[in-house]
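Novice: Residue numbers (our numbering): 121 to 158. Backbone N, C-alpha and C fix where the C-beta goes; we use that ideal spot for every residue, glycine too. The following block contains the structure, expressed as structure tokens.
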């Protein structure tokens, strides 16, 4: 299985926090839908 680095987890976590705080929570939902169906 592919591995995820600490840097990738940190970057994604920061993206999620920024998206929620700026009112773009729908982008997170869209990203999750896109990646879950792969």
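When the Cα atoms are used, what is the spatial distance from residue 142 to residue 150?
Specialist: About 16 Å.
Novice: For the putative contact between residue 145 and residue 152, defined by C-beta atoms under 8 Å, what is the C-beta separation to the nearest angstrom?
Specialist: Going by Cβ atoms, the distance from residue 145 to residue 152 rounds to 11 Å, so no, they are not a contact pair.
Novice: Between the alpha carbons of residue 130 and residue 124, how many angstroms are there, rounded?
Specialist: Cα to Cα, residue 130 sits roughly 10 Å from residue 124.
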